[in-house]
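Notes to accompany the following structure.
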Amino acid sequence: MTATEHSAMSVSPAPTSPPITASTNDSVPRVVSLNKLTMLHEESLRDRSNDRSGLADHCSEPYSLAPSIDEKVLSGSLKSDPGLLGHDFEDGIPRLSGVKSKRSSSASNDSVHERDRFRARFHTMNTAAADNPIDEEKSTESECEVCYGISSKTKKLNVEADSPSSIYSYSESLSPLDPASEYFSTFLPPVSDSVNAAREIDVRTISPTRLSTVFQWYFNKPLPPTNEMFPWLHGLHPENFTQRSFFVFQQMAHTQDAEATSNIDFNMHFARPENARFLISIDADMDTCPEKHVIHNSIGLDEVLKKIEFSRREVEKTILSFVLQIFGDSFSAKTLESLATTITSDCFITGFMPEFLNLDPDRGISLRNFHIQVAKSARCADFVVYASPKAQAEGRSKAASVARLLRLAQVVDERTNPKKYSVFLLQPQEASEAVENAFDIYTPRPTAKAREILSYDKWTELFHHCFNHMKNHYFPLWDSNLQLKEKLETTVMSAASRLHQNVWSGNAWDHEAMVHLLRSEDYPEAIKEDSKDYPSVPPYCEPSRSTVFHDELTPQNFGESLPKPRAHWKLFVHCHNDAKFPDIDLLSQLLFKYTITTHNAAEVDDIHHLDFPSSGSIGIGDCKQENLMCIVNTCKLLYLYSSSTTPGSLSSLIYCSDGYTESSLLIFCYIMYAENVSLSDAMIQVHSNYGRPFYIFSSDVVILRKLEILMRKFSPKNPMKKVQWNESEVITSKELNEVLLGPIRAQPARHIPSKFRLGYIRNDSDSDSSDTEDDEELNDTSSYLDKDWVEDVEGSFPSRILPYLYLGSLKHANSLALLSRLGIKCVISVGENLDWLHGHKFQHNNDIVIDELDNGNIEQYTIEPKEAGLNRSKVRCSVQSVMKVNNLQDDGIDELSNALPSMLKAIDEEFKRSHGDTKILVHCRVGVSRSATVVIAEVMRRLRLSLAQAYLYVRVRRLNIVIQPNLRFMYELFKWEEEEEAKKAERGAVIRKIDWFMMCREIEKLNLPYLNSR
1 MTATEHSAMS VSPAPTSPPI TASTNDSVPR VVSLNKLTML HEESLRDRSN
51 DRSGLADHCS EPYSLAPSID EKVLSGSLKS DPGLLGHDFE DGIPRLSGVK
101 SKRSSSASND SVHERDRFRA RFHTMNTAAA DNPIDEEKST ESECEVCYGI
151 SSKTKKLNVE ADSPSSIYSY SESLSPLDPA SEYFSTFLPP VSDSVNAARE
201 IDVRTISPTR LSTVFQWYFN KPLPPTNEMF PWLHGLHPEN FTQRSFFVFQ
251 QMAHTQDAEA TSNIDFNMHF ARPENARFLI SIDADMDTCP EKHVIHNSIG
301 LDEVLKKIEF SRREVEKTIL SFVLQIFGDS FSAKTLESLA TTITSDCFIT
351 GFMPEFLNLD PDRGISLRNF HIQVAKSARC ADFVVYASPK AQAEGRSKAA
401 SVARLLRLAQ VVDERTNPKK YSVFLLQPQE ASEAVENAFD IYTPRPTAKA
451 REILSYDKWT ELFHHCFNHM KNHYFPLWDS NLQLKEKLET TVMSAASRLH
501 QNVWSGNAWD HEAMVHLLRS EDYPEAIKED SKDYPSVPPY CEPSRSTVFH
551 DELTPQNFGE SLPKPRAHWK LFVHCHNDAK FPDIDLLSQL LFKYTITTHN
601 AAEVDDIHHL DFPSSGSIGI GDCKQENLMC IVNTCKLLYL YSSSTTPGSL
651 SSLIYCSDGY TESSLLIFCY IMYAENVSLS DAMIQVHSNY GRPFYIFSSD
701 VVILRKLEIL MRKFSPKNPM KKVQWNESEV ITSKELNEVL LGPIRAQPAR
751 HIPSKFRLGY IRNDSDSDSS DTEDDEELND TSSYLDKDWV EDVEGSFPSR
801 ILPYLYLGSL KHANSLALLS RLGIKCVISV GENLDWLHGH KFQHNNDIVI
851 DELDNGNIEQ YTIEPKEAGL NRSKVRCSVQ SVMKVNNLQD DGIDELSNAL
901 PSMLKAIDEE FKRSHGDTKI LVHCRVGVSR SATVVIAEVM RRLRLSLAQA
951 YLYVRVRRLN IVIQPNLRFM YELFKWEEEE EAKKAERGAV IRKIDWFMMC
1001 REIEKLNLPY LNSR
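Each residue of the sequence shown is one higher than the last, beginning at 1 in the UniProt record's numbering.
In structure tokens:
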């Protein structure tokens, strides 16, 4: 669960006299009566009313500030009152005793690799009750004075200005926001006393021009080394002994010094990295006055601070204890009173306490805690707080309150962390202050772009229908809202493509676009029919079709990216989870009708919609006689309806939500029926010849094996079958029994050497013949090349990411028959062993040369088959080389960056040698972490994409498998990208386009629908 989704009581501003009204989720009663020891005299309240005039300027209405204590009480017995001085202290740090951190274990995060993706999409993308992107757009039309006229695309240019405030060398190792820097003391002065409330608060001010300089330096400064950030970024909660001891044991395993190993403390404190310094922006008025632009690295206050989750009295009591502990020895009692009153008011204005969230899991081991990275980064970050100009003009901005709370939270951390961080209030932009070619600190808010996109020409209605059920809104750049980008990329990737004859397979967008076109006046002229030739490169893995190459999606290129109808689809079969089998009578009527009706689309006005059960929803219990008849006759209708391939002919579309998951079962039934082929051949046809992505579940394999007999028996390509097209097929009881009771697949007779037969007694006279027979058995390669691979891989294929590059699992790599059918010549095995590579029979039939690299950490196998004449298999072994990477586990400890250059070099050499014709498989155990990291890096380099773009590109093409590189691997990719960008040395370019915590934030949002435990 992310910080933003913690269920917490939100405290609204209080009127002057009644108590604050609780929200609907508030189960804690408000305490109205106050302890006499904490009551202020009315005179003291009146005396301080003028002192708080600066704070009142930021409030839309007066607040009932909690009474505090007088000087006598402060200097006396209350300092020893355990009820006021707080309860929980750790390492000398006072804890806000009423704040509860609601966390759940993310240990199950590591096991979430494969999921029924379309089910999650139903709840996140296709739910009618979800928010409309336009609905969240606030009704303010006033243009932001600060952001007016600023481009939405980040300018990556050098700051060239005469003003010394705009000059800060990239070579400087010290951050300009560090209190020790000259830039800090010269150009970043403190805010007014009314905002700081006390000298120890020390909130600073910064102008947009100087912030531009800071951002330019920040995004050109590499992140700290990986070893300094881990294991701290994994999350090391003091109470999570399992997680902490896991890394202690790993340290012991990597420690050669026996004495050092024996002295390891299992309660060791994993301190924050000394060199980490992030930069986080906070939009203080995001909820009340959202502007059209936000600053880079903007997050919500609820992602870093704890919400108020208890009564008003407890807040007052906790803040008083807090102030006494932190500042008790530095200020007079009167100053402490004023400070406590101000901070208490800030808490009620914002609804938050001045304490950072601690989201480290308190139990279990997890290496993929993306949801805690914002909170972790906040503990070692400078903050820039900015206000809405409209809220400032109306005197109700929360910026000052937010800044004080953040600074106070930093003061607490400074007691155990000697490194100083700061909070800055952003000043309004002055016209004379603008610097030409400065780093643009602003980027459009998602809702601001959604309105522009949704008003674009005739695609408005379609976009609104298909994409408006997203809870997050459109965002043009790549540091936010990857959910919508994933939806768009999936739509384009799985766009309709032709299967057999005029039967097409597509997604929900293809259906909506065609229905919209059929109702318009542009039909049929708007249909640009596709070529009948199948492309050599499947469109779904063709990079030129991807949307990730757009740095910013404007209405124009957005409309151009969405696929257009390419055939006269008038028969639609919708595969979804709640569907029943089509009515057999309706199928009979349609078969009769289109046996005698023309197939010219211009002469047919009828449009037909059928439903069909989705993949994974049919079991053996559903194989009833009437259901099997529906399956056969649905395939028969598709074949008949789409039998004509002349221009302008009728076409049919099999579609589902994402374009591949729910429809794959029907597609394979149809291919087996239309072409009279086995299931394995049908899968190869769909993948290689038709270039269509698909995904079936292990339960579908059993059903399709049963249906294979039936589909081929009624196939029009079956020479023993004479098809009566005007009649529906009828399945007899005998045929039903053949399907249900027959073998799943006929098993070929295996040759058994004589010495293994029952009753055989070896003697000297037949030794020569026995040896000859043994040699023939060893030379026979048919056993592992003709093996039925469908059950071995449970129906799944390795994902084709690029035309030459596959990403898969150990199951895929261990199926030599599948690799040979796909024509894969090179295998890169990341940390796993291939069974067939070390098999006696394979080594007997192939000459294998092994070269060791990097002190044995990498082994290169070159494979050349022996005597081809002895090969009895119809399939030739295609694998010619294997690169095996040793000593690399997915444990959050091992580094991938050491072996990454060698793997990328091997891929590049194969690509250049064969001009991209060599097919390469990269795999680990599951194909989601180690190998996925390598493939992301290859996509970044080959297509020249940023990390965020390449991550989304690979994620979408991994289909129903969620890629899950662990945190360390993702961080290593950040570091690798920085190194690659630094080599380009383009003047003014930044080496990091998205920050670490922002990327983790987006990955968490993408994964959230599939993490049921959180």
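All residues carry an ideal CB built from backbone N, CA and C; glycine is no exception.
Quiz item: Between Asp116 and the rest of its own chain, which residues show a CB-CB distance below 6 Å, the 5 nearest in sequence each way excluded?
Solution: Taking the sequence shown and counting its residues from 1, the one referred to as residue 116 is at position 116. The predicted position of Asp116 is uncertain, since its pLDDT is 44 and thus under 50; a value taken from the coordinates is nonetheless stated next. There are no such residues.
Quiz prompt | Three-pair Cβ contact test at 8 Å for the stretch 393-404 versus the stretch 165-182 | solution = no
Quiz item: Whose CA, out of Ala948, Val954, Ile961, lies closest to the CA of Tyr971?
Solution: Here residue 971 refers to the residue found at position 971 when the sequence shown is read from its first residue. The shortest Cα separation from Tyr971 among Ala948, Val954, Ile961 belongs to Ala948.
Exercise. Taking only runs that begin and end inside the stretch 365-415, name each unbroken alpha helix (DSSP H) of 4 or more residues, in chain order.
Key: 373-378, 389-393, 399-413
Self-check item: Pairwise C-alpha distance: Thr186 and Ala180
Solution: In the sequence shown, residue 180 corresponds to position 180, counting from 1. In the sequence shown, residue 186 corresponds to position 186, counting from 1. When rounded, the distance between both Cα atoms is 11 Å.
Self-check item: Beta carbon of Ser642 nearer than 7 Å to that of Ser652
Solution: In the sequence shown, counting from the first residue as 1, residue 642 sits at position 642. In the sequence shown, counting from the first residue as 1, residue 652 sits at position 652. Against a cut-off of 7 Å, the Cβ pair of Ser652 and Ser642 comes out as a contact.
Self-check item: Arg519 burial status per 10 Å Cβ neighbour count (16 or more: buried)
Solution: To locate residue 519, count along the sequence shown from 1; it is residue 519. Classification of Arg519: exposed, given that the 10 Å Cβ count is below 16.
Quiz item: Considering only the beta carbon of each residue, do Ser649 and His599 sit closer than 7 Å?
Solution: Residue mapping note: residue 649 aligns to position 649 of the sequence shown, counting from 1. Residue mapping note: residue 599 aligns to position 599 of the sequence shown, counting from 1. Cβ atoms of Ser649 and His599: closer than 7 Å.
Quiz item: Are the beta-carbon atoms belonging to Asp285 and Ser401 less than 7 Å from one another?
Solution: Within the sequence shown, residue 285 is the residue found at index 285, counting from 1. Within the sequence shown, residue 401 is the residue found at index 401, counting from 1. No, these two residues do not count as a Cβ contact at 7 Å.
Quiz item: So which of Tyr1010, Ala989, Tyr806, Lys1005 has the shortest CA-CA distance to Trp217?
Solution: Against the sequence shown, residue 217 aligns to sequence position 217. With distances taken between Cα atoms, Trp217 lies closest to Ala989.
Quiz prompt | Cβ-based burial, Ile631 [other Cβ within 10 Å; buried from 16] | solution = Position 631 of the sequence shown, counted from the start, is the residue given in the question as residue 631. It counts as buried.
Quiz item: From Gln625 to Glu486, what does the alpha carbon distance come to, in whole angstroms?
Solution: Working through the sequence shown from its first residue, we reach residue 625 at position 625. Working through the sequence shown from its first residue, we reach residue 486 at position 486. For Gln625 and Glu486, the distance between alpha carbons rounds to 41 Å.
Exercise. Excluding the 5 residues preceding and the 5 following residue 1075 in the sequence, name in chain order all residues of the same chain whose CB lies nearer than 7 Å to its CB.
Key: Residue 1075 lies beyond the range of the chain shown here (1 to 1014); nothing can be said about it.
Quiz item: Would the beta-carbon of Val315 fall within 7 Å of that of Cys347?
Solution: Along the sequence shown, read from residue 1 onward, the residue named residue 315 stands at position 315. Along the sequence shown, read from residue 1 onward, the residue named residue 347 stands at position 347. Yes, the pair counts as a contact, with Cβ atoms nearer than the cut-off.
Quiz item: How would you label Glu910, buried or exposed, when you count the other beta carbons within 10 angstroms and need 16 or more for buried?
Solution: Residue numbering aside, residue 910 sits at position 910 when the sequence shown is read from its first letter. Flag for Glu910 reads buried.
Quiz item: Who does Val573 pair with in a DSSP beta bridge?
Solution: In the sequence shown, residue 573 corresponds to position 573, counting from 1. Answer is Leu610, Ile654, bridged to Val573.
Self-check item: Integer Cβ distance of Thr880 from Ile893, believed to fall under 8 Å
Solution: Translated into the one-based positions of the sequence shown, residue 880 becomes position 880. Translated into the one-based positions of the sequence shown, residue 893 becomes position 893. Contrary to the premise, residue 880 reads as Gln rather than Thr in this sequence. In fact, because the Cβ distance is near 33 Å, the residues do not count as touching under 8 Å.
Quiz prompt | Contact under 7 Å by Cβ, Glu1002 with His371 | solution = Numbered from 1 along the sequence shown, position 1002 holds the residue referred to as residue 1002. Numbered from 1 along the sequence shown, position 371 holds the residue referred to as residue 371. No, these two residues do not count as a Cβ contact at 7 Å.
Quiz item: How would you label Thr416, buried or exposed, when you count the other beta carbons within 10 angstroms and need 16 or more for buried?
Solution: If you number the sequence shown from 1, residue 416 lands on position 416. Thr416 should be labelled exposed.
Practice problem: With a threshold of 16 other CB atoms inside 10 Å of the CB of Gly856, please say whether the residue is buried or exposed. | Solution: Position 856 of the sequence shown, counted from the start, is the residue given in the question as residue 856. The residue in question, Gly856, is exposed, as its Cβ has fewer than 16 Cβ neighbours within 10 Å.
Practice problem: Classify Thr862 as helix, strand or coil using the three-state DSSP reduction. | Solution: Within the sequence shown, the letter at position 862 stands for residue 862. Thr862: strand per DSSP, three-state reduction.
Exercise. Mark residue 1048 as exposed unless 16 or more other C-beta atoms lie within 10 angstroms of its C-beta, in which case mark it buried.
Key: Residue 1048 lies beyond the range of the chain shown here (1 to 1014); nothing can be said about it.
Quiz prompt | Contact set for Val411: own chain, Cβ-Cβ below 7 Å, skip 5 residues either direction | solution = As a first step, residue 411 must be located in the sequence shown, where it is residue number 411. Excluding positions up to five away in sequence, the list reads Glu200, Ile326.
Quiz prompt | Residue(s) in a DSSP beta bridge with Thr851 | solution = Stepping through the sequence shown from its first residue, residue 851 is reached at position 851. Note on residue identity: the sequence assigns Asp, not Thr, to residue 851. Looking at the DSSP assignment, Asp851 forms a beta bridge with Gln860.
Quiz item: When the Cα atoms are used, what is the spatial distance from Met998 to Ser680?
Solution: Indexing the sequence shown from 1 puts residue 998 at position 998. Indexing the sequence shown from 1 puts residue 680 at position 680. Roughly 43 Å between the two C-alpha positions.
Exercise. Give every residue of the same chain whose Cβ lies closer than 8 Å to the Cβ of Tyr655, excluding the five residues on either side of it in the sequence, and list them in chain order.
Key: Taking the sequence shown and counting its residues from 1, the one referred to as residue 655 is at position 655. For Tyr655, where only same-chain residues beyond five positions count, the Cβ hits under 8 Å are Ala496, Ser505, Gly506, Asn507, Ala508, Asp510, His511, Phe572, Val573, His574, Cys575, Ser663.
Quiz item: In whole angstroms, what is the alpha-carbon distance linking Asp700 and Val793?
Solution: Residue 700 sits at position 700 when you count from the first residue of the sequence shown. Residue 793 sits at position 793 when you count from the first residue of the sequence shown. Using only the alpha carbons, I get a separation of about 12 Å.
Exercise. Using the DSSP secondary-structure output, state which residues sit across from Leu425 in a beta bridge.
Key: As a working note, residue 425 is residue 425 in the sequence shown. Answer by DSSP bridge pairing, in chain order: Thr205, Val385.
Quiz item: Going by beta carbon distance, what residues of the same chain come within less than 7 Å of Asp847, once the five residues before and after it are set aside?
Solution: On the sequence shown, residue 847 is found 847 positions in, with the first residue counted as 1. Glu864, Lys866.
Practice problem: Have a look at Ile295 and Ser281 and give me their C-alpha separation to the nearest angstrom. | Solution: For the purposes of this step, residue 295 is taken as residue 295 along the sequence shown, with counting starting at 1. For the purposes of this step, residue 281 is taken as residue 281 along the sequence shown, with counting starting at 1. About 7 Å.
Quiz item: What number of angstroms, rounded off, separates the C-alpha of His840 from the C-alpha of Asn833?
Solution: Position 840 of the sequence shown, counted from the first residue, corresponds to residue 840. Position 833 of the sequence shown, counted from the first residue, corresponds to residue 833. Rounded to whole angstroms, His840 to Asn833 spans 15 Å at the Cα level.
Self-check item: Environment of Lys221 [buried if 16+ CB atoms lie within 10 Å]
Solution: Locating residue 221 in the sequence shown gives position 221, counting from the first residue. Flag for Lys221 reads buried.
Self-check item: Counterpart residues of Tyr442 in DSSP-defined beta bridges
Solution: Translated into positions along the sequence shown, residue 442 becomes position 442. DSSP lists Ile295 as partners of Tyr442.
Practice problem: Return the residue from the list Phe310, Gln724, Gln556, Val827 that minimises the CA-CA distance to residue 1061. | Solution: Residue 1061 is absent from the model: the chain starts at 1 and stops at 1014.
Quiz item: What is the rounded straight-line gap between the Cα of Met672 and the Cα of Leu704?
Solution: Within the sequence shown, residue 672 is the residue found at index 672, counting from 1. Within the sequence shown, residue 704 is the residue found at index 704, counting from 1. Cα to Cα, the separation comes out at about 10 Å.
Quiz prompt | According to DSSP, residues forming a beta bridge with Pro190 | solution = The sequence position of residue 190 within the sequence shown is 190, counting from 1. Answer is Arg204.
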